[in-house]
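Enquirer: Numbering (this note's numbering), first residue to last: 2 to 337. Even for Gly, the Cβ is constructed at its ideal location relative to N, Cα and C.
1. Nearest-angstrom Cα distance between residue 259 and residue 283?
2. Using a 10 Å radius around the Cβ and a threshold of 16 neighbouring Cβ atoms, would you call residue 209 buried or exposed?
3. Tell me whether residue 266 sits in a helix, a strand or coil according to DSSP, three-state version.
4. From which residue to which residue does the beta strand (DSSP E) around residue 185 run?
5. Applying the criterion that 16 or more other CB atoms from any shown protein chain within 10 Å of the CB defines a buried residue, is residue 204 buried or exposed?
6. Residue ranges of each alpha helix (DSSP H) run of no fewer than 4 residues wholly in the region 235-316, ordered along the chain?
7. Which one of 229, 177, 230, 241 has the shortest CA to CA distance from residue 215?
8. Rounded to whole angstroms, how far is the Cβ of residue 243 from the Cβ of residue 279, which I believe are closer than 8 Å?
9. Does DSSP put residue 113 in a helix, a strand or coil?
10. According to DSSP, residue 228 sits in a beta bridge with which residue or residues?
11. Is the region 173-190 in contact with the region 293-304, if contact means three or more CB pairs nearer than 8 Å?
12. With H, G and I counted as helix, E and B as strand and the rest as coil, what does DSSP make of residue 197?
13. Just tell me which of 218, 222, 196, 201 has its CA closest to the CA of residue 309.
14. From residue 45 to residue 73, what does the alpha carbon distance come to, in whole angstroms?
15. For the alpha helix (DSSP H) holding residue 202, just list the boundary residues, first then last.
16. Alpha carbon to alpha carbon, how far is residue 43 from residue 168? Give it in angstroms, no decimals.
17. Give the single residue among 276, 202, 41 whose Cα lies nearest to the Cα of residue 238.
18. Grab me the residues of residue 248's own chain with a C-beta within less than 7 Å of its C-beta, minus the 5 sequence neighbours each way, in chain order.
19. Can the beta-carbon of residue 338 be found closer than 8 Å to that of residue 304?
20. Using beta-carbon positions only, say whether residue 272 and residue 221 come within less than 8 Å of one another.
21. Which word fits residue 323, buried or exposed, when buried means at least 16 other C-beta atoms lie within 10 angstroms of its C-beta?
22. So is residue 269 buried or exposed if we call it buried at 16+ other beta carbons inside 10 Å?
23. Just to confirm before moving on: does the CB-CB distance between residue 70 and residue 130 stay below 8 Å?
24. Under 8 Å Cβ to Cβ from residue 185, same chain only, skipping five residues before and after it: list those, please.
25. So the candidates are 113, 198, 118, 306; which of them puts its Cα closest to the Cα of residue 227?
26. Could you check where the alpha helix (DSSP H) with residue 216 kicks off and where it finishes?
27. If you measure between the beta carbons of residue 133 and residue 34, is that distance less than 8 Å?
Here you go:
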């Protein structure tokens, strides 16, 4: 279900980009409806992982997921309809366009028909979004995207897709190798490492490279990524941590029950945990330190922060791994 929604959202986004690049003319309102569809799909995708977990025990959520599946089935019918129209037109006049939706949108009559279909689909998705608001779904790491600007606790994705930064080329490869070597050293303790640097320098980029490095993949039983905002919610962070650790999420917002649930999820497990973009040590010292201290020997924690004080507060191993901007010579080598 999540894969279908994710793939369809990506397909719609790619179509919109291609429409802009080709300057495709649209009947009045159709472009807006397509943009709305993309936004709704991406919003629903952010919460779907939590919904699919909750629907196992909550009958109301089961009904919500069933409704969403029905709409996604209708959404895929748009592509089937476009494919049929495209096949008919190609038989009459061959076209180099291989995107069925884009092919239809280039023809006024088809575009009007598809626009009407998408408008009805958006109305149904509006109703589903309103129903979903009652369940207080949280955004889970599994289906997140990196977005520009100040991200929420669940706005970064643990995959190899890296944002642009000043850490490029051989420099980031050197940094990655150094950190991977440190993480895989024989040490029976739970070691905390820090990546320190100014905002936008590439701390998260480097952490992602390390997190997804092939040498890391089989070294740990669990790999977890948590982004920590300045104004994080303790309850939401705990729920996110439990879910990311594949733990059993209690149907409560009581911290006294969430902390033990997280502890049980990581107990005796050799894990790699990334705490990204920490602005203070509060999340660690008052919330996460105790449960994660029950991990198996050999577990590793990486924090990324702008502040040495935060690194010291989490008792990270010194020296910290510092990221600096490229010097003039390195910049010239990069441009060469």
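Expert: Let me spell this out:
1. Straight-line Cα distance between these residues: approximately 17 Å.
2. buried
3. helix
4. Residue 185 -> no beta strand (DSSP E), and no H or E assigned at all.
5. buried
6. Runs found: 235-245, 256-267, 290-293, 309-314.
7. Among 229, 177, 230, 241, the Cα nearest to that of residue 215 belongs to 177.
8. Contact between residue 243 and residue 279 does not hold, since the beta-carbon distance rounds to 19 Å and is not under 8 Å.
9. The answer is helix: DSSP assigns residue 113 an H, G or I state.
10. Residue pairing for residue 228: DSSP places it in a beta bridge opposite 277.
11. Counting Cβ pairs under 8 Å, three or more are found: they touch.
12. strand
13. It is 196.
14. 11 Å
15. Run containing residue 202: none; DSSP gives neither H nor E here.
16. Reliability of the predicted coordinates at residue 168 is poor, the pLDDT of 43 falling under 50, and the value obtained from them is presented with this limitation in mind. Using only the alpha carbons, I get a separation of about 29 Å.
17. 276
18. Taken in chain order, the residues that qualify are 262, 263, 265, 266.
19. Absent from the model: residue 338. The displayed extent of the chain is 2 to 337, so no value can be given.
20. Residue 272 places its beta carbon less than 8 Å from that of residue 221.
21. exposed
22. exposed
23. no
24. Contacts found: 216, 217, 220.
25. 306
26. 215-218
27. no
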